[in-house]
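With my numbering applied, the sequence shown covers 1267 to 1690. Note that CB positions come from ideal geometry on N, CA and C, so glycine has one too. The structure presented is a predicted model; accordingly, all values stated were derived computationally and were not measured. Here the structure comes first, spelled out in structure tokens, and everything after it is commentary.
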Amino acid sequence: MKKTARGAKVVAVASLAALTISACGGGGGDDDENINLRFTWWGGDTRHAYTQEIIDAFEEEHPNITISPEFDSWEGYWDSLATQSAARDTPDIMQMDLSYIREYIENGLLYELDQVNTDAFTDELLATGSSEGALYGMPIGSTSLTMMTNESVFEDAGVEMPDDDTWTWDDVTQVAAEVSENSEAYGLARPFNDAGVGIWLRQHNGTNMVTEDGEVAWEPEDVVPYFEMLGEALDSGALPSGAQVNEDRAAALEQTMIATEGAAMDVWWDTQIKVLSSNEGVELTPLKLPSESGNAQDAQLYYKASMFYSVYEGTEHPEEAQMFIDYLVNNEDAGRLQLLERGIPGNAEIREAIRGDLDEDETDLLEYNEGLEEVVAEAPPLPPEGFGAVQEIIWRYEEEFLFGRVSAEEAAQRMHDEIAGALE
């Protein structure tokens, strides 16, 4: 689960708004010109290894282009990228996230991608990386928020697996309490986090987290019932304590409660299932999030771009940088190396090409994700500048409430005010 940028990251990037940054040169050197492109991304060892293989294959096809890799964990990535950008030392090509892309666009840091082939991508997915009709983030893949469930924990507790086409939020807390009462595991590992709160708001209030203009779209009283639901789950034993939740959020994915059979359910993005179920004997099943009505058609689920590739506005080689991005998202060999690790491929042709290369769990994930097409709704607006702080704010007030330091009303009001301040 991703952790957010601290305020310094936002300030460092936002300070560039006053700078004039323009693309240097026109790119497109001839085949004899030796070109070096810096490429940065976040991820773990698996991603680093296969990305280097993709780089090697690209360089073999384009011997005059060298791709210099730079990578980091999620925790350090945004600090580093903000610092580099403030110093006008931004890598030519960068992996970009939905929480930050609008911020980087509005601060003039991203180059319009007008030479990447987008024919095999849906307009809806491309729109997530676009602003005012221009594409600044090439979507790599898609993902959807899901309730990860461990069937063996349910079996040990003697509790029947929920029907995710008909279950409600009340069903979640009731089932979670039954699991906690009848097993050594918790029913729920933690609260539903920022994306889960966003889904909850869409269902209960018909609002997104933010408006199209980048302002908070809800009032404090709208989320008081959400905190009251957490309180009921805590009192029933369905949820662990605030201290345990805090520890779980700080753990590596493989060491979280859901990944170690310490909990029956937890909310994650569906493509994270492979890492979460990587421990021996652990098998997780993705379920659709509950709805208020008991009808999955009303669950307000949506496809989110798993991540993007973007080009720095000041790159000296915009054509070659886009050529590399085109290779990353449209080349079949690159797709076979990557499979689903960066999300369900947004390129429909790549998706079909790799289908036979997937193992059973990956095939199940792909089919689950594709099956959501019948129930998904329109995605939320592009997050505004400052949105990177929202996840941490929501996490903090979820935990403050579980610690008993604030009431539901206090948590809702303070959370609202802090988010509004971060988006100013």
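Which two residues bound the contiguous alpha helix (DSSP H) that contains residue i?
{"i": "glutamine 1318", "result": "1311–1327"}
{"i": "methionine 1475", "result": "That residue, methionine 1475, is in no alpha helix (DSSP H); it is neither H nor E in DSSP."}
{"i": "valine 1577", "result": "Element bounds for valine 1577: not the alpha helix (DSSP H) but the beta strand (DSSP E), 1574–1577."}
{"i": "glutamate 1390", "result": "1389–1393"}
In whole angstroms, what is the alpha-carbon distance linking residue i and residue j?
{"i": "proline 1457", "j": "asparagine 1300", "result": "51 Å"}
{"i": "methionine 1362", "j": "glutamate 1369", "result": "11 Å"}
{"i": "lysine 1269", "j": "isoleucine 1659", "result": "Model confidence at lysine 1269 stands at a pLDDT of 33, short of 50, so the residue's coordinates are unreliable; what they give is reported in the following sentence. In a straight line, the C-alpha of lysine 1269 is about 11 Å away from that of isoleucine 1659."}
{"i": "asparagine 1408", "j": "threonine 1388", "result": "For clarity, residue 1408 is serine in the given sequence; the question names asparagine instead. Those two C-alpha atoms are separated by around 11 Å."}
{"i": "phenylalanine 1493", "j": "glutamate 1450", "result": "25 Å"}
{"i": "proline 1647", "j": "valine 1533", "result": "21 Å"}
{"i": "valine 1672", "j": "glutamate 1666", "result": "6 Å"}
{"i": "glutamate 1607", "j": "aspartate 1345", "result": "23 Å"}
{"i": "tyrosine 1663", "j": "methionine 1681", "result": "6 Å"}
{"i": "alanine 1688", "j": "glycine 1652", "result": "5 Å"}
{"i": "alanine 1677", "j": "valine 1490", "result": "8 Å"}
{"i": "glutamate 1615", "j": "alanine 1517", "result": "36 Å"}
{"i": "isoleucine 1359", "j": "serine 1576", "result": "6 Å"}
{"i": "leucine 1347", "j": "alanine 1686", "result": "24 Å"}
{"i": "aspartate 1501", "j": "glycine 1654", "result": "31 Å"}
{"i": "aspartate 1430", "j": "leucine 1454", "result": "16 Å"}
{"i": "leucine 1379", "j": "glutamate 1417", "result": "44 Å"}
{"i": "proline 1584", "j": "asparagine 1373", "result": "18 Å"}
{"i": "leucine 1624", "j": "aspartate 1437", "result": "33 Å"}
{"i": "valine 1419", "j": "valine 1511", "result": "19 Å"}
{"i": "aspartate 1338", "j": "glutamine 1604", "result": "18 Å"}
{"i": "isoleucine 1465", "j": "glutamate 1325", "result": "42 Å"}
{"i": "tyrosine 1634", "j": "threonine 1412", "result": "10 Å"}
{"i": "alanine 1400", "j": "alanine 1645", "result": "18 Å"}
{"i": "valine 1279", "j": "glycine 1503", "result": "Note that valine 1279 scores a pLDDT of 45, beneath 50, so its modelled location is shaky and nothing firm can be said."}
{"i": "glutamate 1684", "j": "arginine 1621", "result": "44 Å"}
{"i": "isoleucine 1591", "j": "tyrosine 1343", "result": "19 Å"}
{"i": "glycine 1480", "j": "asparagine 1474", "result": "11 Å"}
{"i": "threonine 1384", "j": "methionine 1414", "result": "32 Å"}
{"i": "glycine 1609", "j": "glutamine 1588", "result": "20 Å"}
{"i": "leucine 1391", "j": "asparagine 1448", "result": "43 Å"}
Using the rule of at least 16 other Cβ atoms within 10 Å of the residue's Cβ for burial, across every protein chain shown, is residue i buried or exposed?
{"i": "asparagine 1545", "result": "exposed"}
{"i": "alanine 1423", "result": "buried"}
{"i": "alanine 1509", "result": "exposed"}
{"i": "proline 1329", "result": "exposed"}
{"i": "glutamine 1521", "result": "exposed"}
{"i": "alanine 1353", "result": "exposed"}
{"i": "arginine 1304", "result": "buried"}
{"i": "threonine 1312", "result": "exposed"}
{"i": "aspartate 1514", "result": "buried"}
{"i": "serine 1507", "result": "exposed"}
{"i": "aspartate 1563", "result": "Just to set this straight, residue 1563 is glutamine in the shown sequence, not aspartate. With fewer than 16 Cβ atoms within 10 Å of its Cβ, glutamine 1563 is classed as exposed."}
{"i": "serine 1446", "result": "buried"}
{"i": "threonine 1537", "result": "buried"}
If you compare alpha carbons, which of the options is closest to residue i?
{"i": "glutamate 1640", "options": "Tyr1568, Val1595, Leu1379 and Met1573", "result": "Tyr1568"}
{"i": "glutamine 1469", "options": "Leu1555, Val1577 and Leu1638", "result": "Leu1555"}
{"i": "leucine 1376", "options": "Ser1365, Val1382, Leu1594 and Thr1356", "result": "Thr1356"}
{"i": "phenylalanine 1574", "options": "Arg1304, Trp1308, Glu1444 and Asn1302", "result": "Trp1308"}
{"i": "serine 1559", "options": "Gly1547, Thr1434, Asp1338 and Asp1385", "result": "Thr1434"}
{"i": "serine 1572", "options": "Pro1405, Thr1473 and Gly1580", "result": "Pro1405"}
{"i": "glutamate 1478", "options": "Pro1506, Ala1530 and Thr1394", "result": "Thr1394"}
{"i": "asparagine 1596", "options": "Ala1619, Ile1331, Thr1581 and Gly1637", "result": "Ala1619"}
{"i": "tyrosine 1452", "options": "Asn1459, Ala1442, Glu1549 and Val1463", "result": "Ala1442"}
{"i": "glutamine 1318", "options": "Ala1600, Ala1499 and Glu1527", "result": "Ala1600"}
{"i": "glutamate 1426", "options": "Val1463, Ala1530, Thr1349 and Glu1390", "result": "Ala1530"}
{"i": "threonine 1581", "options": "Gly1609, Ser1351 and Glu1341", "result": "Ser1351"}
{"i": "alanine 1674", "options": "Asp1488, Glu1341 and Leu1364", "result": "Asp1488"}
{"i": "glycine 1637", "options": "Ala1461, Leu1553 and Gly1547", "result": "Leu1553"}
{"i": "glutamine 1566", "options": "Gly1310, Gly1462 and Glu1485", "result": "Gly1462"}
{"i": "alanine 1483", "options": "Glu1579, Thr1306 and Pro1649", "result": "Pro1649"}
Can you tell me where the beta strand (DSSP E) holding residue i begins and where it ends?
{"i": "glutamate 1336", "result": "1331–1338"}
{"i": "proline 1486", "result": "It is not in any beta strand (DSSP E) - proline 1486 instead sits in the alpha helix (DSSP H) that spans 1486–1501."}
{"i": "glycine 1407", "result": "1407–1409"}
{"i": "glutamine 1381", "result": "No beta strand (DSSP E) contains glutamine 1381, which DSSP labels as neither H nor E."}
{"i": "phenylalanine 1305", "result": "1301–1308"}
{"i": "leucine 1567", "result": "Per DSSP, leucine 1567 belongs to no beta strand (DSSP E) and is neither H nor E."}
{"i": "leucine 1519", "result": "Looking at the DSSP string, leucine 1519 is not in any beta strand (DSSP E), and its letter there is neither H nor E."}
{"i": "glutamine 1361", "result": "1359–1362"}
{"i": "alanine 1530", "result": "1529–1535"}
{"i": "aspartate 1553", "result": "The question names aspartate, but residue 1553 is leucine in the sequence shown. It spans 1550–1553 - the beta strand (DSSP E) in which leucine 1553 sits, taken as one unbroken run."}
So, is the C-beta of residue i closer than 8 Å to a C-beta in chain D?
{"i": "asparagine 1512", "result": "Chain labels in this structure do not include chain D; a single protein chain is all it has."}
Task: alpha helix (DSSP H) runs wholly inside the stretch 1589–1658, at least 4 long, in chain order - done: 1598–1604, 1614–1620 and 1626–1637
TODO: Taking only runs that begin and end inside the stretch 1415–1463, name each unbroken alpha helix (DSSP H) of 4 or more residues, in chain order.
DONE: 1417–1423 and 1435–1448
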